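Heads up, the thing below is written out as C-alpha cells.
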Amino acid sequence: MAKTKITVLSNGSLRVDGDFEVVDKNGNNYDLGGRTLVSFCRCGLSSNKPFCDGSHKGHFEHEAEAFDLPPKK
C-alpha cells in the first residue's frame, strides 16, 4: 500500500505528498497532471481553491505544531 503524507505548514497550506486522488463534492476527479505533491489552501484567499496559490503570505498566521486529539466519542 502506498503511503500519503500530509504536512501542516506554519502560516501556510496543507501539503499532500504521495499516492492520492482529489475529488469534488460529486465524486469527480481533479486532473492533477501526474503530480504526487499538491498544496491545499487553508486561508481561503487562493484564487485556485482548493489548491494553494501563495495568497496567504502575510495574511494568515498559524504556528503548526502537532498535538493529540481528544478520544473519539
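Residue 19 in full-length UniProt numbering sits at position 19 of the sequence shown, with consecutive numbering throughout.
Yeah, the Cβ is synthetic: ideal placement off N, Cα and C, and Gly gets one too.
Quantities reported herein were computed from a predicted structural model and do not represent experimental measurements.
- Here S10 really is in contact with A64; their C-beta atoms are around 4 angstroms apart, less than 8 angstroms.
- Across the set K25, G33 and R42, the C-alpha of R42 shows the shortest separation from the C-alpha of E61.
- Around the beta carbon of H59, a 10 Å sphere encloses fewer than 16 other beta carbons of the protein chains shown; the residue is thus reported as exposed.
- Only exposed fits G54, as fewer than 16 other CB atoms lie within 10 angstroms of its CB.
- Bridge pairing for G58: absent [DSSP].
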